[in-house]
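Engineer: This is the structure I want to talk about, given as structure tokens.
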Amino acid sequence: MDCLFCAIVAGDIGSKRVYEDEACFAFLDINPWQVGHTLVIPRRHVVDALADDEVLVELGPSVARVGRLLKERLGADAVNIVSNAGAASGQEVFHAHVHVLPRWADNPGVA
Ligand code: 5GP
Ligand code: ZN
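Next comes the structure, spelled out in structure tokens:
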């Protein structure tokens, strides 16, 4: 299967790892909307977060850990958690992923 994020999970394409566990892998977005913009993806290939009942269940604990980790490491005040599911939502990579974006109260628009 020709999937960019499967290749990242396999290590065939390099990425800057933020976190990983049995179910999920998290890495910095190559074109960040914010400093620390991280993508959390399931290791298994599914096209988007709505593909079955389990995807968001698998991703949930990892998304929470990554959000806390970004707050601790980067001193962020808050995070945005976003998942585009379907082309019309803006999804461009069709392997499920959650964007975790650290935010700062004094500079919410930093890129
Ligand atoms: P989407 O628009 O599908 O919700 O988000 C896909 C994200 O994947 C984009 O923010 C894009 O910058 C990121 N991305 C695309 N190709 C790569 C890549 O090769 N490496 C990394 N780290 N991120 C990528
Ligand atoms: Zn994949």
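Just so you know, we're using numbering that gives the first Met the number 0 here: the sequence shown kicks off at 0 and counts up by one.
Ideal placement from N, C-alpha and C gives every residue a C-beta, glycine not left out.
1) Going by the CB atoms, is the gap between Val39 and Ala22 shorter than 7 Å?
2) With respect to 6 Å, is the separation between the Cβ of Asn30 and the closest non-hydrogen atom of the ligand 5GP below this value?
3) Please report the distance separating the alpha-carbon of Glu19 from that of Glu91.
4) Return the CA-CA distance between Ala84 and Asp105, expressed in angstroms with no decimal places.
5) Take His98 as the anchor and find which of Cys2, Val17, Cys5 has the nearest alpha-carbon.
6) Buried or exposed, going by whether 16 or more other CB atoms sit within 10 Å of the CB of Leu3?
Structural biologist: On the basis of the supplied data:
1) Here residue 22 refers to the residue found at position 23 of the sequence shown. Here residue 39 refers to the residue found at position 40 of the sequence shown. Taking the C-beta atoms as reference points, Val39 is found no nearer than 7 Å to Ala22.
2) Position 31 of the sequence shown holds residue 30. It does: the Cβ of Asn30 is within 6 Å (strictly closer) of some heavy atom of the ligand 5GP.
3) Taking the first residue of the sequence shown as position 1, residue 19 is located at position 20. Taking the first residue of the sequence shown as position 1, residue 91 is located at position 92. Their backbone Cα atoms lie some 23 Å apart in a straight line.
4) Here residue 84 corresponds to residue number 85 of the sequence shown, with the count starting at 1. Here residue 105 corresponds to residue number 106 of the sequence shown, with the count starting at 1. As the crow flies, the alpha-carbon of Ala84 is around 31 Å from that of Asp105.
5) Locating residue 98 in the sequence shown gives position 99, where the first residue counts as 1. The residue among Cys2, Val17, Cys5 with its C-alpha nearest the C-alpha of His98 is Val17.
6) Taking the first residue of the sequence shown as 1, we reach residue 3 at position 4. Leu3 should be labelled exposed.
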